[in-house]
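Number of protein chains: 2
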Amino acid sequence: MEAGRQRQGRLWSNLTEVCELLHIPPVNIAHSEELLFQHVQFKTGQRIHTIGQPFDMLYIVNSGFLKTVLIDEFGNEQVLSFPMKGDMMGVDGIHTRHYSSEAVALSDCDLILLPFRKLAALGRVHIELENMMYGVMSRELVREQAMIGMLGALSAEARVARFLVALSDRFAQMGYSSKLFNLRMTRHEIGSYLGLTLETVSRTLSAFNEVGLISVDQRTIGIKDPEALKNLRRLPPSRARGRQPAARAKAAAAASAAAPGAQPLYAAAV
Amino acid sequence: MEAGRQRQGRLWSNLTEVCELLHIPPVNIAHSEELLFQHVQFKTGQRIHTIGQPFDMLYIVNSGFLKTVLIDEFGNEQVLSFPMKGDMMGVDGIHTRHYSSEAVALSDCDLILLPFRKLAALGRVHIELENMMYGVMSRELVREQAMIGMLGALSAEARVARFLVALSDRFAQMGYSSKLFNLRMTRHEIGSYLGLTLETVSRTLSAFNEVGLISVDQRTIGIKDPEALKNLRRLPPSRARGRQPAARAKAAAAASAAAPGAQPLYAAAV
DNA sequence: CGGTGGATTGACTGTGATCAAACTCAGTGG
DNA sequence: CCACTGAGTTTGATCACAGTCAATCCACCG
């Protein structure tokens, strides 16, 4: 853990550390050594904030894994995101001054507290910081738009494939292996996130495994063919798969990547 | 059209007018009469901005109807929103400095141009304005989260029902009739927005009509039973509907509203 | 008029939800 | 140490919702 220093028995980060965590050009401020943001630790299962709770803080994930969820009028959970290192949480609370979603730790976590009013005030003086705020919020908006596009247009298989690729990329950029990793969330949570049932998620992972795109063992995922996953739209029907060598099916999945213009065999006509 | 004044043959609005359009407490600025924002007119079918185009402007809808769309890697349109009076557009361009979506006029429109840099600079001096910016972006984020929840969890019928209710509410708050209005978008666009096909949208509207929840004639929609629509989860199977008086089915739909705790007949176990 | 884009309706099919059963694994306590 | 538990996962059988393909139908416009 490079970021953070001890003070009064707690970890604190300065603005420079916050900026690099967010992948934002560093903001150079006079006396920035005195401007520190406090860390907080949460244990697996603990709630960071709940729906309706008065808003005053933004959070940046320094380490660990979380989920954010919406609860509908019948008490059903809908997973909105799986924040991890470098992600900002709590932005949805700005508008109504109350959080509109709930954040839960899926592993032990270390979060940085950003008092919103203080941050906004700082942004008035340091334009890069203001840019950072607008930038992070806009980025989040674009991410959600992509999510809407995915839920509106893609098949179950394509959703699971993209989910795996996105995870793999995140792990890579955090310095972990992009080829072999552990899922921190249950099938149920993945399903909720992707608009699918847990059974469909499980079956789809098994199908990818059978065809050699990935390896699955409970929560351990091995990415075998990232390119095919990235461009997958639909797998051949399982009937055909049974009597064929796995290589055939894998090739078919990859084919949809090679010729996006022509309608490849088995590709969805979205 | 109360907002706007002529100058150099064009319409301009001051900050106070912009604020009330956005439903934000008015920002009082000295010399606010000299701080004016230009209007632009677009005709039906015209593009306001396209994907990848360099970002520098935000837009506020003063009158008219639009759609914003994402284009996926295969050229398919995905409708993201139907902006109308009081909505802000272009926020998705802040992050990468390029618009990530495309906005198209569905009717003749009058938009107010907000140069982003200028607006951000103003926000540094006038905190209410800064709050407005953060607030509008956060509100958009929450709206998209609700959309994700809807796409992930609701049946086709529930989506269409909520779409109608949301439209009805918007018309009401713009001072139009909430009971009778014209759709400005095609079935195809509604379908894309809701993650459905145009046939499913058409069929669902017809079913609502049959059951007495609404009246449909092409693009003209009459809302008959807003409460039942708001709480609808699933309609009784069409077989049963045919031999029953419409009132029965309507009552069943309304029942799911009355007793949200108990599982009503035909309600989806989401 | 005929032409064209949009809407409706019908018949059929497939994907993914539902219901159900078996299995894995970690934790707990006798 | 092992049986017991319970949460999570896998797999199977079945079915319905919504997608697909196709044939009108309708309104608007040149």
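Top line first, the protein sequences correspond to chains D and H.
Under my numbering, the first residue of the first sequence is numbered 1, with each subsequent residue one higher.
Under my numbering, the first residue of the second sequence is numbered 1001, with each subsequent residue one higher.
By construction, the Cβ of each residue, glycine as well, lies at the ideal position given by its N, Cα and C atoms.
About 6 angstroms separates the Cβ atoms of H:ASP1072 and D:GLY149, confirming a contact at the 8 angstroms cut-off. Using a CB distance cut-off of 8 angstroms, D:ASP72 counts as an interface residue toward chain H. By the C-beta criterion, the region 1115-1128 of chain H is judged not to be in contact with the region 1167-1182 of chain H, since fewer than 3 inter-stretch pairs fall below 8 angstroms.
The alpha-carbon separation between H:LEU1035 and H:GLY1123 amounts to approximately 13 angstroms. Within the same chain, Cβ atoms closer than 6 angstroms to the Cβ of D:MET132 are found at ILE24, the five residues on either side in sequence being excluded. Annotation: D:PHE116 is outside any beta strand (DSSP E); the continuous alpha helix (DSSP H) that includes it extends over 116-125. Flagged as an interface residue toward chain H: D:SER138, by a C-beta distance shorter than 8 angstroms. Listed in chain order, the alpha helix (DSSP H) elements of length 4 or more contained wholly in the region 1042-1078 of chain H amount to none.
Here DSSP, grouped into helix, strand and coil, assigns D:LEU229 to helix.
When the Cα atoms are used, D:LEU213 and D:ILE223 turn out to be separated by approximately 7 angstroms. In this structure, H:ILE1112 and H:TYR1176 do not form a Cβ contact; the two beta carbons are roughly 20 angstroms apart against a cut-off of 8 angstroms. Under DSSP, the beta-bridge partners assigned to H:CYS1109 are H:PHE1042. Annotation note: the region 1148-1204 of chain H contains the following uninterrupted beta strand (DSSP E) runs of length 3 or greater, listed N- to C-terminal: 1180-1182. In terms of Cα proximity to H:SER1013, the closest of H:VAL1136, H:ILE1029, H:GLN1038 and H:HIS1031 is H:GLN1038. DSSP lists D:ILE60 as the bridge partner or partners of D:MET88.
In terms of beta-carbon proximity, H:GLU1199 stays away from the interface with chain D, with every pair separated by 8 angstroms or more. Bridge partners of D:LEU21 according to DSSP: none are assigned.
Counted as a single uninterrupted DSSP element, the beta strand (DSSP E) harbouring H:ARG1010 occupies residues 1010-1014.
The beta carbon of D:SER100 sits closer than 8 angstroms to some beta carbon of chain H. H:ARG1097 and H:ASP1217 have their C-alpha atoms roughly 43 angstroms apart. One finds nothing in chain D with a Cβ atom closer than 9 angstroms to the Cβ of H:ASN1014; even the nearest lies about 23 angstroms away. Per DSSP, the unbroken beta strand (DSSP E) holding H:ILE1214 starts and ends at 1214-1217.
Contact residues of the region 220-237 of chain D toward chain H are absent (C-beta to C-beta distance below 7 angstroms). The three-state reading of DSSP puts H:LEU1035 in coil, since its state is none of H, G, I, E or B. For the region 1163-1192 of chain H, the beta-carbon criterion of a distance under 8 angstroms to any beta-carbon of chain D is satisfied by SER1192.
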